[in-house]
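Enquirer: Numbering (our numbering), first residue to last: 18 to 356.
#1: Decide if residue 70 is buried, meaning its Cβ has at least 16 other Cβ atoms within 10 Å, or exposed.
#2: By Cβ distance, which residues of its chain are closer than 8 Å to residue 282, with the 5 residues on each side in sequence left out?
#3: Which word fits residue 59, buried or exposed, when buried means at least 16 other C-beta atoms lie within 10 angstroms of its C-beta?
#4: Is the distance from the Cβ of residue 131 to the Cβ of residue 216 below 8 Å?
#5: Is it buried or exposed for residue 24, if we count other Cβ within 10 angstroms and need 16 for buried?
#6: Hey, which unbroken runs of the alpha helix (DSSP H) at 4 residues or more fall wholly within the region 98-128?
#7: Pick from 292, 65, 62: whose alpha carbon is nearest that of residue 212?
#8: Rounding to the nearest angstrom, what Cα-Cα distance links residue 300 and residue 306 in this structure?
#9: Pairing CB atoms from the region 147-161 with CB atoms from the region 101-113, are three or more of them under 8 Å?
#10: Inspect the beta-carbon positions of residue 129 and residue 318 and report whether they are closer than 8 Å.
#11: Please report how far the alpha carbon of residue 63 lies from the alpha carbon of residue 42, in whole angstroms.
#12: Please tell me whether residue 226 and residue 141 are closer than 8 Å, where the distance is taken between their beta carbons.
#13: Residue 288: buried (16+ other C-beta within 10 angstroms of its C-beta) or exposed?
#14: Compare the Cα-Cα distances from residue 219 to each of 327, 138, 61 and report the closest residue.
#15: Pairs of beta-carbons, one from the region 91-100 and one from the region 115-124, closer than 8 Å: are there three or more?
#16: Skipping 5 residues on each side, what residues in its chain have a beta carbon closer than 6 Å to that of residue 49?
#17: Could you check where the alpha helix (DSSP H) with residue 43 kicks off and where it finishes?
#18: Just to confirm the assignment: which complete alpha helix (DSSP H) runs, minimum length 4, are found wholly within the region 262-334?
#19: Quick check on this structure: which residue in 188, 75, 330 has the alpha carbon closest to the alpha carbon of residue 159?
#20: Buried or exposed, going by whether 16 or more other CB atoms sit within 10 Å of the CB of residue 176?
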């Protein structure tokens, strides 16, 4: 979940952050970045490993969680490690060709992560609003794999061709030696179009799907309570059911709000600052603001394994089986239930 070229350090050019860190700050930042790598890699590796060793997880909706884990894992294993020496030393030391590869991978993985979040929300939306047909398709893994592949293809097409060919189409490169950022970094028209596809449309979609899920659950709860009300012995049953359902509704609303909120919190600052920065050609946004917003994208890759798979009983049970097999034998079923 990284947007390399558009990141503050890479695209800042003349106002690069590097060279301004004291030894103490350099060490502190290196430690924090290393911890982020560990959290991102370990969290997403657990999701992938659980999917491999536990065949019961291989349902259509869980394939999308696997796809998200793969993209986020590669962010922690490839994108962040290569960026650390750049931001700490202020110089890209791996050459222009590898810079392009890194940019393609970073934009690809970041965009793939976003599209996967939309796909997961859409899948949950279908599971609630079209439950019967949704269950009938759970064994159709070919359809799931096709959707997963399309996420990667569309994510690549959004930025990949532009990163690779921009300098050849424009006839020159604007990237100085020792820097690494996308040629279109200051092209406002391209960035506003790409941002609409990459963030604004996905964010609105995720909000719509999750709000629809919540409203649908509330509607079904209301119908269920009305049925109970019409039964003979409804008084005590309705009271208990109403209290329990109110608690569950609050829990569902909270979890759905967290999903939308974290997605927006991690992506909105960067997207808005990127557009503003391009419009004023980098002269109106302080580098550290842009840099901080950029790192939020990578933080999102570390949060996703907690936000999605860990809130599923089946995944949590698989994690316990992998990490603490003895605990699984004595742990009550209810203690592992879904968030």
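Backbone N, C-alpha and C define an ideal beta-carbon position, used for all residues, glycine too.
Owing to the predicted nature of the structure, the values given are computational and were not obtained by experimental measurement.
Expert: Straight from the coordinates:
#1: The residue is exposed, with fewer than 16 neighbouring Cβ atoms inside 10 Å.
#2: Excluding positions up to five away in sequence, the list reads 313.
#3: Exposure of residue 59 is indicated by the presence of fewer than 16 other C-beta atoms within 10 angstroms of its C-beta.
#4: Closer than 8 Å, so yes.
#5: Unreliable positioning characterises residue 24 in this predicted model, as indicated by a pLDDT of 41, which lies under 50. The coordinate reading is nonetheless provided below. Label assigned to residue 24: buried.
#6: None, since the region 98-128 contains no complete alpha helix (DSSP H) of that length.
#7: Looking at the Cα atoms, 292 is the closest of the given residues.
#8: Approximately 12 Å between the Cα atoms of the pair.
#9: In short, these stretches do not touch, since the Cβ pair count stays below three.
#10: Cβ distance not < 8 Å, so residue 129 and residue 318 don't count as in contact.
#11: Distance between the alpha carbons of residue 63 and residue 42: 31 Å.
#12: Taking 8 Å as the Cβ cut-off, residue 226 and residue 141 qualify as a contacting pair.
#13: Classified as buried, residue 288 has 16 or more neighbouring CB atoms from the shown chains inside 10 Å of its CB.
#14: Among 327, 138, 61, the Cα nearest to that of residue 219 is on 138.
#15: By the Cβ criterion, the region 91-100 is in contact with the region 115-124, since at least three pairs of Cβ atoms, one from each stretch, lie closer than 8 Å.
#16: Within the same chain, residue 49 has no close Cβ partners at all.
#17: 40-70 is the extent of the alpha helix (DSSP H) around residue 43.
#18: Taken in chain order, the complete alpha helix (DSSP H) segments of 4 or more residues contained in the region 262-334 are 304-324.
#19: Just measuring C-alpha positions, the residue of 188, 75, 330 sitting nearest residue 159 is 75.
#20: Buried, since its Cβ has 16 or more Cβ neighbours within 10 Å.
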